[in-house]
Amino acid sequence: MDQLIAKAATLLEALPYVQRFRGETFVTKYGGSFMDSDDPATRSGVARDIVFLEAVGINPVVVHGGGKAITKALAESGVETRFEQGYRVTTPESVKVVEQVLSHEVNPGIVRMINELGGKARGFSGKDIFRCVPFRPLGQAGEPIDIGLVGEVTEVNTAPLLECIEQDITPVISPTATGEDDQIYNCNADVAAGQAAVALRPKRLVYMSDVPGL
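Next comes the structure, spelled out in structure tokens:
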């Protein structure tokens, strides 16, 4: 009974927030330990929150990460992982692993978790949503550093996302993109979520991260 009372109190506390944002769109970046945890309750907790937003009439749009899963898959595939200025160098060989992991393993897992909890989600490979140009960070002397097939998102194909929102379906998008050369690029999920927010103009952009100070 005490748990029911506590849950009812939480819902009452959230009521003004729900009323204020009903019918609005939230873009959420999902990553970090929330996604990589070995604890099923931690992983499903975020999915449950997304289902709750759906239930109260808020439209979530999810962009997810997957760095740890990529590192593990590259190691298992025998593909060397190298970093420059804190960025993963993405080769034509490794980008195939990146796309497989993000769009065909991590993404369907998140979609399945949301749907099993009673929500409605649809997965998208970022290559079908985001367009990009090559991202080149600057070195200590100000020179651009070639980190391979890493993209900076410049355009967002909003049509399939808006179609999902109209149908009360949560789009779940992996952080890959298609370049001007029609090559698949690995992208920073935080930046991709930000560009999705610029294009969709949601009421809230939410970053879920376990990095202190952000």
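Start counting the sequence shown at 65; every next residue gets the next number (the working numbering). The beta-carbon is built from N, C-alpha and C at its ideal position, and this holds for glycine as well.
Whole-angstrom distance between residue j and residue i, CA atom to CA atom
| i | j | result |
| --- | --- | --- |
| Phe188 | Ile178 | 14 Å |
| Glu88 | Glu144 | 43 Å |
| Thr234 | Pro124 | 6 Å |
| Pro201 | Val214 | 10 Å |
| Val236 | Tyr81 | 24 Å |
| Gly203 | Leu226 | 39 Å |
| Gly150 | Ala139 | 18 Å |
| Ala256 | Arg84 | 26 Å |
| Asp103 | Asp246 | 38 Å |
| Arg146 | Arg152 | 6 Å |
| Gly173 | Gly131 | 15 Å |
Counted within 10 angstroms of its Cβ, other Cβ atoms place residue i as buried (16 or more) or exposed
| i | result |
| --- | --- |
| Gly182 | exposed |
| Val262 | exposed |
| Lys93 | buried |
| Thr242 | buried |
| Thr154 | buried |
| Lys191 | buried |
| Thr240 | buried |
| Pro266 | buried |
| His168 | exposed |
| Gly109 | exposed |
Cβ shell of residue i (< 6 Å), same chain only, five flanking positions each side left out
| i | result |
| --- | --- |
| Ala133 | Val165 and Val170 |
| Cys228 | Arg186 and Pro235 |
| Glu216 | Cys196, Val197 and Phe199 |
| Arg268 | Phe90 |
Coarse secondary structure for residue i, derived from DSSP in three states
| i | result |
| --- | --- |
| Pro216 | Position check: residue 216 holds Glu in this sequence, whereas Pro was assumed. Looking at Glu216 - three-state DSSP - the assignment turns out to be strand. |
| Val236 | strand |
| Thr145 | coil |
| Leu202 | strand |
| Pro208 | strand |
| Gly243 | strand |
| Pro124 | strand |
| Gly277 | Per-residue confidence for Gly277 stands at a pLDDT of 47, beneath the threshold of 50, marking its modelled position as unreliable; the derived number appears in the next sentence. If DSSP states are grouped into helix, strand and coil, Gly277 belongs with coil. |
| Val165 | helix |
| Gly187 | strand |
| Leu269 | strand |
| Arg195 | strand |
| Arg152 | strand |
Closer than 8 Å: residue i CB and nearest the ligand MG heavy atom
| i | result |
| --- | --- |
| Glu207 | Only the bare structure without any ligand can be found here, which leaves the ligand MG out of the picture. |
Own chain partners of residue i with C-beta closer than 8 Å, once the 5 adjacent residues on each side are dropped
| i | result |
| --- | --- |
| Glu118 | Pro124, Gly183, Lys184, Asp232 and Thr234 |
| Val161 | Ile134, Ala137, Leu138, Ser141 and Val143 |
| Gly277 | Its pLDDT being 47, under 50, Gly277 is placed unreliably in this model, and the value from its coordinates should be taken loosely. Around Gly277: no qualifying Cβ. |
| Val175 | Ala185, Arg186, Gly187 and Val236 |
Sequence-distant residues of the same chain with beta carbon closer than 7 Å to residue i, five excluded per side
| i | result |
| --- | --- |
| Val220 | Ile193, Phe194, Gln259, Ala260 and Ala263 |
| Ser158 | Leu138 and Val143 |
Opposing strand residues paired with residue i [DSSP bridges]
| i | result |
| --- | --- |
| Asn250 | Val214 and Thr240 |
| Val91 | Val125 and Leu269 |
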